[in-house]
Every structure is written in C-alpha cells, then in structure tokens.
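To start, the structure under review is shown below, and the notes come after it.
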Amino acid sequence: AQSVAQPEDQVNVAEGNPLTVKCTYSVSGNPYLFWYVQYPNRGLQFLLKYITGDNLVKGSYGFEAEFNKSQTSFHLKKPSALVSDSALYFCAVRDLTGANNLFFGTGTRLTVIP
Amino acid sequence: NAGVTQTPKFQVLKTGQSMTLQCAQDMNHEYMSWYRQDPGMGLRLIHYSVGAGITDQGEVPNGYNVSRSTTEDFPLRLLSAAPSQTSVYFCASSRDRGSSNSPLHFGNGTRLTVT
C-alpha cells in the first residue's frame, strides 16, 4: 500500500530564509506525489504534483519540490519564506490500485517568523 | 463558479443523533470523496465515488453512509453519532476517475462536535 510520512510536526523559519518541509514516501511502483496547503478554517489547496519527468517540480506561490528516488523523498522548498506562507502543509500520494484516491501525511505546521 | 460547497459549517450533535453533511460541486467532476481531519492524524478517507451511482469505502467507513444519485451531490450520513466522530469533515472532488494527474478540489469543511 502507498503511504507518506512527514517527520516534522512543526517547522519554524525566519522571514526571507529558505524553507524546507520534509516528506518521504513508500509506494509499489511509480509514485504520484502531491503537496497541499491549508490555511486556517479553509479546505486544502493544491500546490504542486510530481507524476513523471523532471525531479524538480515548480508549483504555486513560488514553491517547488524535489523528487529523490534513491532517498524516497519529496521535500517541499521555497527560496525565501514569507510570513503569509505560515500554514499547515500536507504531502500526499495517489493510490494506483483502485480509484486513484489520495492518502495524506499527518501534516507539518510551518511558522514564518517576521 | 462556486467549486465545492459544504453545509453546514458547524454542527453540534448529541450521542445517538443522526445527520447528513451536504456536499455539492459545480465543476462536473466525476470523482468525489469525504475525508475527516483529526489532530496528529492528517486526513483519512471515509468514502469515495467515481461517478453517479457508484460508491465505495475508504480507510475509516464505519458509522458513515454515502450515496451518489447525481454527479453534483455527495452527502455523508452519520447514522448514530458517537463522540469519536467529533472531527472536521472535508469533501473533495476531481475531474475524472482514471486520471492520476487531476488534483483534488476541497470544500471549506464542516466542524462537527458530538457530545
């Protein structure tokens, strides 16, 4: 079965510094990986996805993610953090055995300190 | 274009009561699903549907029923509410059942408390 793990519950970073939110995956076959962001009292919003191709995927709001097959990782990155990036971030993997359901990690709360 | 609309936003139930959480989408999406979000556990899939008339169970289906009589609507029914069902519930949809590329579109959630 497919699964993802987010090893950090909380990440703090100073405004203007680069940020990384970590995700590792476990899949049988080629992974289909996603990042979502959740702002307070809102549903999740799609940021970016990796299906195939380049290992560096660019997404919304200046975010990008690096797919690393040997380390089974899909870390979310941004070169310069904004206070408005403070939110809850979820990594997810597509289940390819059924109806293409998404399975989510436990989430990482990012706080950008002014 | 409203996207995915969930009602109500908040609900308090007593143990044993039943209720229906409504979800509607106006994007003509084939796939719809229900998740619950609990602290430290992320989102867990309750039920999903790949088209009108077709539903199936996710990871945590016990205590919940769904139906999909139209493409637009996918209500979630709590048959006899229990305190363990206190959670935030999200409905999500995506374009087509067979595409691995389609991202999920989420509603803004229903916060349910069972006392």
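Residue numbers (this note's numbering), protein chains in the order written: chain A, 78 to 191; chain P, 4 to 118.
Glycine included, each C-beta is placed from N, C-alpha and C at the ideal position.
V160/A sits in a helix when the DSSP states are folded into three classes. Under the Cβ criterion of 7 angstroms, N111/P is counted among the residues facing chain A.
C26/P: member of the beta strand (DSSP E) spanning 22–28, first to last residue. The beta-carbon of V53/P is placed less than 7 angstroms from the nearest beta-carbon of chain A. Taking 9 angstroms as the upper bound on Cβ-Cβ separation, chain P lies near residues N178, L179, F180, F181, G182, T183, G184 of the segment 178–189 of chain A. The segment 6–17 of chain P makes no contact with the segment 95–102 of chain A: fewer than 3 CB pairs, one atom from each, lie closer than 8 angstroms. Between T113/P and P11/P a beta carbon distance of about 6 angstroms is seen, short of the 8 angstroms cut, so the two are scored as contacting.
Scanning its chain for C-beta atoms nearer than 6 angstroms, with the 5 sequence neighbours on each side dropped, one finds around R186/A the residues Q87, L165, in chain order.
F144/A is positioned such that its CB atom lies no closer than 7 angstroms to that of P106/P. If only uninterrupted beta strand (DSSP E) runs of at least 3 residues are considered, those enclosed by the segment 65–113 of chain P are 67–69, 79–81, 90–97.
DSSP places A91/A in the uninterrupted beta strand (DSSP E) bounded by 87–91.
Around the beta carbon of F13/P, fewer than 16 other beta carbons lie within 10 angstroms, which makes this residue exposed. When Cβ-Cβ separations below 7 angstroms define contact, G139/A makes no contact with chain P. For H32/P, no pairing in a beta bridge is given by DSSP.
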